[in-house]
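For the record, the sequence lines run as chains A and B.
Take any residue in the first sequence, count from 1 to its spot, add 307: that is its number in our numbering.
Take any residue in the second sequence, count from 1 to its spot, add 1: that is its number in our numbering.
Have a look at the structure below before the remarks.
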Amino acid sequence: MSLLDVKNLRVEFPTRRGTLVALDDVSFSIAPGEILGVVGESGAGKSMTGAAIIGLLEPPGRIAGGEIRLDGKRIDNLPYEEMRRIRGRQIGAIFQDPLTTLNPLYTIGRQLAETMTTHLPIGPGEARERAIGWLELVGIPAARERIDSYPHEFSGGMRQRVVIALALCAEPRLIVADEPTTALDVSIQAQVIALLKSLAREKGTAMMLVTHDMGVIAETADRVAVMYAGRIVEIGPVREVVKHANHPYAQGLMGSIPPLDRRVDRLQQIDGAMPRLSAIPPGCAYNPRCPQAFDRCRVQRPELMPAGATDAACWLHAP
Amino acid sequence: MLAFIISRLLQALPVMFTVSLISFAMFAYVGDPVAIMLGQDYTVAQRDALVRELGLDQPFFVQFGTFLGNAVQGEFGLSYRLSRPVSDLILERAPATLELAFTAAILALAVGVPMGVYTGLYRNSWLSRFFLTFSLIGVSLPTFLIGILLILTFSVWLGWLPSFGRGDVVQLGWWSTGFLTWSGLKALILPSITLGLFQLTLIMRLVRSEMMEVLRTDYIKFARARGLPNRAIHFGHALKNTLVPVITIAGLQLGGIIAFAIVTETVFQWPGMGLLFIQSVGAADIPIMAAYLMLIALVFVTINLVVDLLYYAVDPRLRIGRGGH
Ligand SMILES: Nc1ncnc2c1ncn2[C@@H]1O[C@H](COP(=O)(O)OP(=O)(O)O)[C@@H](O)[C@H]1O
Ligand code: SF4
Ligand SMILES: [Mg+2]
Numbered sequence: 308m309s310l311l312d313v314k315n316l317r318v319e320f321p322t323r324r325g326t327l328v329a330l331d332d333v334s335f336s337i338a339p340g341e342i343l344g345v346v347g348e349s350g351a352g353k354s355m356t357g358a359a360i361i362g363l364l365e366p367p368g369r370i371a372g373g374e375i376r377l378d379g380k381r382i383d384n385l386p387y388e389e390m391r392r393i394r395g396r397q398i399g400a401i402f403q404d405p406l407t408t409l410n411p412l413y414t415i416g417r418q419l420a421e422t423m424t425t426h427l428p429i430g431p432g433e434a435r436e437r438a439i440g441w442l443e444l445v446g447i448p449a450a451r452e453r454i455d456s457y458p459h460e461f462s463g464g465m466r467q468r469v470v471i472a473l474a475l476c477a478e479p480r481l482i483v484a485d486e487p488t489t490a491l492d493v494s495i496q497a498q499v500i501a502l503l504k505s506l507a508r509e510k511g512t513a514m515m516l517v518t519h520d521m522g523v524i525a526e527t528a529d530r531v532a533v534m535y536a537g538r539i540v541e542i543g544p545v546r547e548v549v550k551h552a553n554h555p556y557a558q559g560l561m562g563s564i565p566p567l568d569r570r571v572d573r574l575q576q577i578d579g580a581m582p583r584l585s586a587i588p589p590g591c592a593y594n595p596r597c598p599q600a601f602d603r604c605r606v607q608r609p610e611l612m613p614a615g616a617t618d619a620a621c622w623l624h625a626p
Numbered sequence: 002m003l004a005f006i007i008s009r010l011l012q013a014l015p016v017m018f019t020v021s022l023i024s025f026a027m028f029a030y031v032g033d034p035v036a037i038m039l040g041q042d043y044t045v046a047q048r049d050a051l052v053r054e055l056g057l058d059q060p061f062f063v064q065f066g067t068f069l070g071n072a073v074q075g076e077f078g079l080s081y082r083l084s085r086p087v088s089d090l091i092l093e094r095a096p097a098t099l100e101l102a103f104t105a106a107i108l109a110l111a112v113g114v115p116m117g118v119y120t121g122l123y124r125n126s127w128l129s130r131f132f133l134t135f136s137l138i139g140v141s142l143p144t145f146l147i148g149i150l151l152i153l154t155f156s157v158w159l160g161w162l163p164s165f166g167r168g169d170v171v172q173l174g175w176w177s178t179g180f181l182t183w184s185g186l187k188a189l190i191l192p193s194i195t196l197g198l199f200q201l202t203l204i205m206r207l208v209r210s211e212m213m214e215v216l217r218t219d220y221i222k223f224a225r226a227r228g229l230p231n232r233a234i235h236f237g238h239a240l241k242n243t244l245v246p247v248i249t250i251a252g253l254q255l256g257g258i259i260a261f262a263i264v265t266e267t268v269f270q271w272p273g274m275g276l277l278f279i280q281s282v283g284a285a286d287i288p289i290m291a292a293y294l295m296l297i298a299l300v301f302v303t304i305n306l307v308v309d310l311l312y313y314a315v316d317p318r319l320r321i322g323r324g325g326h
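This is the structure in structure tokens:
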């Protein structure tokens with residue numbers, strides 16, 4: 308059975324000029340210990356999906372339809388307090404910018420310890436010992452001496468390691484990592500991703516890994532979901548999507564992916580821009596940019612359908 | 002730490018020097034002390050003798066040096082009006098003002114900070130709206146009017162609280178305190194509300210806007226993503242970050258409370274330094290005015306130092322990485 312099940316998720320933003328649909332009909336699942344990569348242009352709805360899963364959509368954004376299940380139990384409609392107990396304990400989160408995710412006025416040891424004492428049946432002394440253990444595990448040198456340091460005393464890369472320790476320290480079963488290396492120096496991105504991957508594998512933690520870096524996806528993920536304009540347009544095993552993408556947008560993204568041992572930092576440019584939420588075209592949202600668009604694409608919206616070894620939302624694969 | 006304090010003290014010196022210069026200039030050039038002290042009839046010989054005695058025939062810098070030397074020892078000469086040493090008069094009046102200012106400051110902080118936190122957290126509740134409306138009144142009504150309205154309500158109509166004076170005071174050495182008697186405490190209520198209300202609303206609005214700002218930061222979102230309870234997030238993580246900028250403004254405001262107790266003391270005939278100052282202005286009693294001016298400057302300088310030290314204690318980023326500064 309899958310650990311996380313997202314079904315027909317729809318997220319809306321009521322605004323004065325009408326309701327914007329930020330996510331529509333998003334469905335995917337993550338198995339225990341599995342790493343799902345999520346890619347797509349900026350504004351595609353990747354962060355929004357993560358926020359919906361951890362129950363921290365920013366008002367007025369709200370889940371307007373569908374459901375999210377963790378271990379078969381619905382978590383999208385829980386009262387705040389019940390969902391709070393799940394955050395950190397069952398689902399950990401890693402944000403993009405380590406320079407702003409840590410409270411500047413608390414020592415890293417205190418932030419680790421408070422996370423553990425909140426969720427685990429341990430006292431402050433035990434929490435402190437475990438905090439040192441976590442810092443060692445994520446590769447902070449001289450952890451015992453540095454546990455009482457403040458965030459500003461660490462470099463960006465070291466801070467992201469601390470953030471990883473914070474996300475993992477209550478031993479959640481799922482991590483939502485939203486572009487965990489985008490804000491880091493290029494030279495340390497690979498180390499941090501490698502750390503994240505090895506920890507996830509070691510602890511059996513499943514992960515939703517949002518990133519711009521196709522090389523990271525290719526090396527880290529088990530499966531990949533490609534998002535466009537608030538929907539998943541293709542999802543499948545990483546090798547299939549990278550090598551034999553079936554959706555024209557995904558093909559465009561992957562077009563530049565060289566053999567797996569070479570790294571490409573940015574998504575390849577595709578002509579045109581993703582539509583704004585207020586102006587999503589009818590039919591397939593990609594049709595104005597799609598080189599293979601035909602009549603049906605402009606009137607009828609494609610759902611995910613089996614296409615080769617993956618699922619793609621594209622009429623080219625209609626049965 | 003010690004170096005930090007010393008450097009701050011050194012920075013305060015030019016400020017105090019400038020204020021002394023102004024005070025002294027007031028002494029030397031506003032009004033004619035000789036004429037005031039001699040009255041209507043005097044001979045030239047009498048006049049010259051007094052000028053010599055007061056040192057007014059000396060060059061400017063010598064006079065200023067003498068003034069400074071005396072000021073450092075708390076010596077400001079005799080009050081023209083009351084013919085008593087200025088230092089005695091001020092020491093006599095200081096406890097009344099300081100107790101009033103202290104009560105007003107505690108009131109402003111103890112009520113203003115929680116109201117600010119509440120309105121920052123629950124922006125749209127009706128109680129928040131009520132607080133905000135109330136704070137507009139506090140900011141826009143002039144102090145003397147608030148005082149008069151309070152007197153009208155609680156002294157004249159309801160007859161609950163006294164409308165003037167300090168009530169009974171207890172003498173502790175040279176310090177006279179109103180904190181130890183029932184009537185002294187009752188007498189403090191209306192003046193301290195009058196004096197503290199403006200600061201209270203200001204602190205509330207400041208805390209509110211800082212709180213709202215902090216709640217939008219990534220580290221608060223991350224604290225929520227870690228599943229910390231709201232209590233820890235709001236009153237730990239958020240409040241502590243809110244207080245960093247609030248400390249400065251609140252500190253300066255508290256200095257203002259002491260400096261601007263004048264109006265409140267006048268409305269309530271509160272026997273403090275402010276009332277003494279106003280009476281001195283009326284009588285052109287320069288020594289008292291000069292001494293008061295310097296005292297207020299000293300209060301501000303001291304509060305600034307305390308604020309810096311608090312900053313230093315709250316924000317670790319100041320402590321490390323600047324070579325012990
Ligand atoms: N507060 C908001 N109000 C309206 N639209 C929003 C808001 N926040 C984000 N959006 C929109 O939701 C869409 C998805 O954003 P996001 O999930 O952050 O994209 P990304 O894939 O880059 O992480 C974007 O089009 C963005 O403009
Ligand atoms: S449905 Fe049509 S427009 Fe959309 S991606 Fe497929 S071919 Fe292109
Ligand atoms: Mg994003």
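Ideal Cβ positions, reconstructed from N, Cα and C, are used throughout, including at glycine.
This structure is a prediction, so every number in the text was calculated from the model and none was measured.
* **Helix, strand or coil at residue 322 of chain A [DSSP, three-state]** => DSSP places residue 322 of chain A in the strand class (E or B) of the three-state scheme.
* **the stretch 216 to 235 of chain B contacting the stretch 127 to 140 of chain B, beta-carbon criterion three pairs below 8 angstroms** => With the cut-off at 8 angstroms, the stretch 216 to 235 of chain B and the stretch 127 to 140 of chain B do not touch.
* Asked: Measuring CB to CB, does residue 150 of chain B end up less than 8 angstroms from residue 212 of chain B?
  -> Result no, Cβ atoms of residue 150 of chain B and residue 212 of chain B do not sit closer than 8 angstroms.
* Asked: Which residues in the same chain as residue 106 of chain B place their Cβ atom closer than 8 angstroms to its Cβ, once the five residues preceding and following it in sequence are excluded?
  -> If we look at residue 106 of chain B and ignore the five residues flanking it on each side, its Cβ neighbours are 197, 200, 255, 258.
* Asked: Is the CB of residue 5 of chain B under 8 angstroms away from at least one CB in chain A?
  -> Chain A, which has no Cβ nearer than 8 angstroms to the Cβ of residue 5 of chain B, makes this no.
* Contact test: residue 599 of chain A Cβ vs ligand 2 heavy atom, cutoff 7 angstroms -> Yes, since a heavy atom of ligand 2 falls inside the 7 angstroms radius drawn around the Cβ of residue 599 of chain A.
* Should residue 96 of chain B go down as buried or exposed, given a rule of 16 or more other Cβ atoms within 10 Å for buried? -> Residue 96 of chain B should be labelled buried.
* CB of residue 589 of chain A to nearest heavy atom of ligand 2: below 7 angstroms? -> No.
* Kindly say whether residue 370 of chain A, judged by its beta-carbon, lies nearer than 8 angstroms to any beta-carbon of chain B. => No - not a single Cβ of chain B is within 8 angstroms of the one on residue 370 of chain A.
* Step through the CB atoms of chain B and report whether any lies within less than 8 angstroms of the CB of residue 327 of chain A. => No, its Cβ sits nowhere closer than 8 angstroms to a Cβ of chain B.
* **Integer Cβ distance of residue 77 of chain B from residue 88 of chain B, believed to fall under 8 angstroms** => So it is a contact: roughly 6 angstroms between Cβ atoms.
* **Beta-carbon proximity list for residue 169 of chain B, same chain, < 7 angstroms, skipping 5 on both sides** => For residue 169 of chain B, where only same-chain residues beyond five positions count, the Cβ hits under 7 angstroms are 182, 184, 185.
* Asked: So what's residue 481 of chain A in DSSP terms, helix, strand or just coil?
  -> Residue 481 of chain A carries a strand assignment under DSSP once its states are collapsed to helix, strand and coil.
* **Cutoff 8 angstroms: residue 229 of chain B Cβ touching any chain A Cβ** => True, the Cβ-Cβ gap to chain A drops below 8 angstroms.
* Asked: Can you list the residues of chain A that residue 125 of chain B reaches, using a CB-CB cut of under 8 angstroms?
  -> Here the premise fails: no neighbours, minimum Cβ distance about 11 angstroms.
* Over what stretch of residues does the beta strand (DSSP E) that includes residue 625 of chain A continue unbroken? -> Neither: residue 625 of chain A is in no beta strand (DSSP E) and is coded neither H nor E.
* Should the stretch 59 to 70 of chain B be called in touch with the stretch 147 to 167 of chain B, which here means at least 3 C-beta pairs below 8 angstroms? -> Under the 8 angstroms Cβ criterion, the stretch 59 to 70 of chain B does not count as touching the stretch 147 to 167 of chain B, having fewer than three qualifying pairs.
* In chain order, which beta strand (DSSP E) runs of at least 3 residues are fully inside the stretch 474 to 538 of chain A? -> Listed in chain order, they are 481 to 485, 513 to 517, 530 to 535.
* To do: On a CA-only basis, which of B:219, B:177, B:204, B:167 is nearest residue 188 of chain B? Give me that one, please.
  => Closest option to residue 188 of chain B, Cα to Cα, is B:167.
* is_contact[residue 317 of chain B, chain A] using C-beta, thresh 8 angstroms -> Under the Cβ distance rule, residue 317 of chain B counts among the residues neighbouring chain A, one pair being separated by less than 8 angstroms.
* **Neighbour list for residue 551 of chain A in chain B, Cβ cutoff strictly below 7 angstroms** => Against chain B, a Cβ distance below 7 angstroms from residue 551 of chain A picks out nothing, because the smallest value is about 36 angstroms.
* **Heavy atom of ligand 3 within 7 angstroms of residue 462 of chain A beta-carbon** => Every heavy atom of ligand 3 is 7 angstroms or more from the Cβ of residue 462 of chain A, so no.
* Shorter than 8 angstroms from the beta carbon of residue 400 of chain A to some beta carbon of chain B? -> Interface with chain B (8 angstroms Cβ-Cβ cutoff): residue 400 of chain A is included.
* **Reduced DSSP secondary structure (H/G/I, E/B, other) of residue 305 of chain B** => Three-state result, residue 305 of chain B: helix.
* If we cut at 8 angstroms on Cβ distances, does residue 241 of chain B have a partner in chain A? -> Yes, because at least one Cβ of chain A sits closer than 8 angstroms to the Cβ of residue 241 of chain B.
* Asked: Distance, Cα to Cα, residue 329 of chain A vs residue 588 of chain A?
  -> Going from the Cα of residue 329 of chain A to the Cα of residue 588 of chain A covers about 14 angstroms.
* Of all Cβ atoms in chain A, is any one closer than 8 angstroms to the Cβ of residue 297 of chain B? -> For residue 297 of chain B, the answer is no, since every Cβ of chain A falls outside 8 angstroms of its Cβ.
* Asked: For residue 375 of chain A, which residues in chain B fall below 7 angstroms Cβ to Cβ?
  -> What residue 375 of chain A touches in chain B: nothing, since even the nearest Cβ is about 15 angstroms away.
* To which residues of the same chain is residue 385 of chain A closer than 8 angstroms at the C-beta, ignoring the five residues directly before and after it? -> Same-chain partners within the cutoff: 362, 393.
* Under 9 angstroms by beta carbon: chain B residues contacting residue 464 of chain A -> One finds nothing in chain B with a Cβ atom closer than 9 angstroms to the Cβ of residue 464 of chain A; even the nearest lies about 17 angstroms away.
* Asked: Excluding five sequence neighbours on each side, which residues of the same chain lie with their C-beta closer than 7 angstroms to the C-beta of residue 573 of chain A?
  -> Here residue 573 of chain A scores only 47 on pLDDT, less than 50, and its place in the model should not be relied on; the value that follows carries that caveat. In the same chain as residue 573 of chain A, and ignoring 5 residues on each side of it, the C-beta atoms closer than 7 angstroms to its own belong to 519, in chain order.
* For residue 510 of chain A, is the beta carbon positioned less than 7 angstroms from some heavy atom of ligand 1? -> Residue 510 of chain A: no, Cβ never under 7 angstroms from ligand 1.
* **residue 560 of chain A: CB within 7 angstroms of a non-hydrogen atom of ligand 2** => At a cut-off of 7 angstroms, the beta-carbon of residue 560 of chain A does not count as near ligand 2: no heavy atom of the ligand is closer than that.
* To do: Rounded to whole angstroms, what's the CA-CA distance from residue 179 of chain B to residue 100 of chain B? Just pull it up for me.
  => CA-CA distance, residue 179 of chain B to residue 100 of chain B, rounds to 8 angstroms.
* To do: Determine the extent of the alpha helix (DSSP H) in which residue 182 of chain B is found, giving its start and end residues.
  => Membership of residue 182 of chain B in any alpha helix (DSSP H) is not indicated, and neither H nor E is assigned to it by DSSP.
* Report yes if the C-beta distance between residue 615 of chain A and residue 604 of chain A is below 8 angstroms; otherwise report no. => Not closer than 8 angstroms, so no.
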